[in-house]
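Structure record follows, encoded as structure tokens.
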Amino acid sequence: MPKQPGAPRPAEPERPSPAPVEIGDLAALKALAQPRRQRVLEHLTLHGPATSAMLARALGLNTGSTSYHLRELARYGFAEEADSTDGAEVAASGRRERWWRAVPGDRRFPPRSRQSPETRHVMDELNHHAYAADLDLFERLQRDADDGPWADAFPYSRGSVRLTLPELRAFFEEYIALLNRYKRPDSETPPGARTLLTRFLAFPAPEPTADAGPTGTGPEDAHVSHSGEADPS
């Protein structure tokens with residue numbers, strides 16, 4: 019098992035976890051699958067409230083485009099206007115600027131067994147763009163990282179585990195619960211903390227062929243991980 023960097027955190031009172039919300043509406047999935055819309059939502063999630071002009075500058079888009087994408091995200095509940103406490107200001111023209119923020123929540127997609135052919139096509143597009151963007155960002159940030167204290171903050175793990183479907187569902191819920199346990203409001207976040215992007219991906223290995231050896235004894239049981247430590251074992 020990889021070592022956990024740093025000292026263990028003291029026990030804290032359990033915070034209520036957000037109730038999962040399944041996004042089954044095809045129109046909402048199509049709205050979320052648009053690549054530029056994903057970038058807008060990701061920026062709001064990571065950097066907090068912003069205006070359409072700020073998003074346009076950050077993402078290399080025009081203001082009309084970001085305004086349209088923000089309205090579409092708001093239409094399906096993924097973004098919303100931020101009130102004055104989130105930084106709404108009056109522009110030089112005297113008009114109040116519209117600030118937007120991501121709507122937090124535990125959003126789930128319907129399992130593939132319950133997806134229609136059209137929904138599967140939309141989900142495939144959504145996942146394709148999301149996975150590609152995640153991998154590109156991971157590689158770029160790791161490549162450009164300096165030699166400061168956060169140079170080793172790129173943990174990853176590749177391994178395997180034999181589970182039944184009910185056990186896999188329990189495994190996933192425990193992972194979500196772990197993320198929620200470490201989340202906290204800005205007022206309780208200590209100095210020096212940074213936002214960490216976390217991604218979880220699991221998929222069943224191909225079924226062994228007839229001439230393969232016994233299951234559970236081959237190289238698929240190897241586990242490779244990296245946690246920024248000299249010895250991750």
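Every letter in the sequence shown is one number past the one before it in our numbering, and letter 113, counting from 1, is 131. Yeah, the Cβ is synthetic: ideal placement off N, Cα and C, and Gly gets one too. Here the structure is a predicted model, which means the values were calculated and not measured.
From which residue to which residue does the alpha helix (DSSP H) around residue i run?
i	result
A51	44 to 51
E2	Coverage of the chain is limited to positions 19 through 251, which leaves residue 2 absent and any answer about it impossible.
P184	183 to 200
E90	81 to 93
A71	70 to 77
Measure the C-alpha to C-alpha separation of residue i and residue j and round it to an integer number of angstroms.
i	j	result
T137	P226	30 Å
A45	E98	18 Å
T63	A71	17 Å
L91	T84	10 Å
P67	L59	10 Å
D170	T213	15 Å
P222	F190	14 Å
R199	E192	10 Å
E40	S178	28 Å
T17	P135	Only positions 19 to 251 of the chain appear in this structure, which leaves residue 17 out of reach.
L196	N145	23 Å
Q160	Y149	16 Å
G42	L79	29 Å
D253	G82	Residue 253 falls outside the range modelled here, since the chain spans only 19 to 251, and no answer is possible.
S111	D124	Because the pLDDT at S111 is just 47, under 50, the model does not fix this residue reliably, and the point stays unresolved.
G210	R202	14 Å
F156	P184	31 Å
P224	D204	44 Å
D162	I194	29 Å
T182	G166	42 Å
P122	P128	19 Å
Near residue i, which residues of its chain fall below 8 Å by C-beta distance, leaving aside the five closest residues on each side in sequence?
i	result
L186	A220
H147	A51, P53, Q56
W168	R212
Note down, in chain order, each residue of its chain lying with its Cβ closer than 7 Å to the Cβ of residue i, except the 5 sequence neighbours on either side.
i	result
A106	Residue placement at A106 cannot be trusted, given a pLDDT of 44 that sits under 50; the coordinates are not used to answer.
E143	A51
A76	H61
L88	V58, S70, A97, W118
Q133	M141
Starting from residue i, trace the beta strand (DSSP E) in both directions and tell me its first and last residue.
i	result
A169	A169 -> no beta strand (DSSP E), and no H or E assigned at all.
A120	117 to 120
R126	124 to 126
P38	38 to 40
Leaving out the 5 sequence neighbours to the left and right, which residues in its chain are closer than 6 Å to residue i when beta-carbon positions are compared?
i	result
T275	It is not possible to answer for residue 275, since the shown part of the chain is limited to 19 through 251.
R217	D152
Just confirm the distance between the C-beta atoms of residue i and residue j, as a whole number of angstroms; I'd bet it's less than 8 Å.
i	j	result
R126	P38	5 Å
M141	L47	7 Å
A120	F96	7 Å
Y86	A49	That belief does not hold up - the Cβ atoms of Y86 and A49 are roughly 11 Å apart, past 8 Å.
Just list the residues that DSSP pairs residue i with in beta bridges.
i	result
A100	None; A100 has no bridge partner.
Less than 7 Å between the CB of residue i and some heavy atom of the ligand MN, yes or no?
i	result
L196	Looking for the ligand MN in the displayed structure turns up nothing, as the structure carries no ligands at all.
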